[in-house]
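Since the structure comes first, as structure tokens, the remarks are kept for the end.
Number of protein chains: 2
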Amino acid sequence: MSDNQFKRGELYSFITGKASVAIARRLQKNFKEAGVDTTIEQWSILYHLWKEDGRSQQQLCDATFRDKPSVTRLVDNLEKNKLVKRVGDKKDRRVNLIFLTTEGKKMEEEAMKVANRTLNEALAGVPKKQIDLAKEVLQKVYDNLR
Amino acid sequence: MSDNQFKRGELYSFITGKASVAIARRLQKNFKEAGVDTTIEQWSILYHLWKEDGRSQQQLCDATFRDKPSVTRLVDNLEKNKLVKRVGDKKDRRVNLIFLTTEGKKMEEEAMKVANRTLNEALAGVPKKQIDLAKEVLQKVYDNLR
DNA sequence: CTCATACCGTTGTTTATGCAACTAATACAA
DNA sequence: TTGTATTAGTTGCATAAACAACGGTATGAG
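Protein sequences, first through last, are from chains B and E.
Going by the numbering used here, the first sequence opens with residue 836, and the numbers climb by one from there.
Going by the numbering used here, the second sequence opens with residue 836, and the numbers climb by one from there.
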């Protein structure tokens, strides 16, 4: 099926995902300006811990779509910055549970405010209906490739 | 304006661009399987040289949405792999013009075939009309942030 | 219990990005 | 012409991703 033929420009844009790169850069910039001292990748880990603290690294892999080495190193850096702490699981000694520190918890409010603002900047002037449609397409793409 | 409030899940998906990450990973995998020996980032440079050979690094920055250090290093690696060659511009001695080698030219056909196939995999089952709409949204996002 | 197997996390290597600082060459205004 | 600003490209440093290989722990079959 699907004998789409793409014009070269289209192909390039889709594959390189310049929109999401632009969002990432803007978010990083906005974090910096707001004094939120973290990278967007570290934020993506914190984001899930704020939703539910004390997850294993494996759970964080699944949630963030990252592989295990990536999460290991992000947690390394978060620990270095004293935003999270590794705690060995007593039930299963293979597992590290990751907990927010007080400082890590304190960061949530400001960081989420910045993230929301960034997304509003990105989607300014785009009708909600179109946003939903685009989201659907991106989800489908993701499902096609997973 | 634009007092959108986003649900947390929406926010995360949009910002992290998991669809474009998935496309990139699949393209890399498909390159490998097809024996196309290059990274997707290097491919993005080659892509523009195939369209028009002998561009300056600055032109490649603009075309690929990358900053200058990134392009410098991608060209370094492409040169190391003997796919391109730097040639000093005689008119303006600040400028490097980047030319494909024979080997770099030979790669075009297979690489573009793989890229097209990858995009077909990604967009399988998505109606052309929706693709166009999504593209529009992503373009708007990019314009909002540039 | 023991052994094969699966799972969780870590480490090493290569490649790439963002940012800031820097050099060399050019353009332009006084 | 001289001095300043701009432009092209490079380098250093910190962070991150993909992939492969590895060690420690748990689990289940015999």
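From the three backbone atoms N, C-alpha and C, an ideal C-beta is built for every residue, glycine too.
As the structure is a prediction and not an experimental result, all values here were calculated from the model.
Between the stretch 947–959 of chain E and the stretch 855–873 of chain E there are three or more inter-stretch CB-CB distances shorter than 8 Å, so the stretches are counted as touching. The criterion of a C-beta distance shorter than 9 Å is not satisfied by Ile850/E and Gln863/E. Per DSSP, Gly889/E lies in no alpha helix (DSSP H) segment and is marked neither H nor E. The beta carbon of Thr936/E is closer than 8 Å to those of Lys917, Leu918, Val919, Lys920 in its chain, skipping five residues each way along the sequence. When Cβ pairs closer than 8 Å are counted between the two stretches, the stretch 897–904 of chain E is seen not to touch the stretch 863–872 of chain E, the count staying below three. Interface flag for Thr874/B against chain E is unset, since no Cβ pair is found closer than 9 Å. If you draw a straight line from the Cα of Ser905/E to the Cα of Asp927/B, it comes to about 43 Å. In the DSSP assignment, no residue is bridged to Val949/E. Boundaries of the alpha helix (DSSP H) around Phe866/E: 853–868.
Residue-level contact by beta carbon holds for Gln965/E and chain B, with a gap shorter than 9 Å. Gln894/B has its alpha-carbon roughly 13 Å from the corresponding atom of Asp924/B. The beta carbon of Leu932/E sits closer than 8 Å to the beta carbons of Gly889, Arg890, Ser891, Arg921, Val922, Gly923, Asp924 from its chain, once the five residues preceding and following it are set aside; these are given in chain order. Residue burial is scored here from C-beta neighbours: Gln974/E has fewer than 16 other C-beta atoms within 10 angstroms and is therefore classed as exposed. Scanning its chain for C-beta atoms nearer than 6 Å, with the 5 sequence neighbours on each side dropped, one finds around Asn865/B the residues Val949, Thr953, in chain order. Rounded to the nearest whole angstrom, the C-alpha separation of Glu944/B and Glu887/B is 15 Å.
For chain B, the residues of the stretch 928–956 of chain E that bring a beta carbon within less than 9 Å of one of its beta carbons are Met947, Ala950, Asn951, Thr953, Leu954, Asn955, Glu956, in chain order.
Nearest CB-CB separation between Ser879/E and chain B: below the 9 Å threshold. Contacts between Ser855/E and chain B, judged by CB atoms closer than 9 Å, involve Phe849, Ile850, Thr851, Gly852, Lys853, Ala854, Ser855, Val856, Leu973, Val976 in chain order. Apart from sequence neighbours up to five positions away, the residues of its chain that approach Arg861/B with a beta-carbon distance below 6 Å are Thr953, ordered along the chain.
At a cut-off of 9 Å, the C-beta of Arg860/E has a neighbouring C-beta in chain B. One alpha carbon belongs to Trp885/E, the other to Val930/E, and they sit about 20 Å apart.
Contact check for Gln965/B against Glu914/E fails: the beta carbons are separated by 9 Å or more. Among the CB atoms of chain B, one or more fall inside 9 Å of the CB of Arg981/E. Per the DSSP secondary-structure output, Val961/E pairs with nothing in a beta bridge. For Ile880/B, the closest alpha carbon among the candidates Tyr977/B, Arg981/B, Arg908/B is that of Arg908/B.
By the beta-carbon neighbour count (other beta carbons within 10 angstroms, threshold 16), Lys853/B is buried.
Per DSSP, Asn916/E is not a residue of any beta strand (DSSP E), being assigned neither H nor E.
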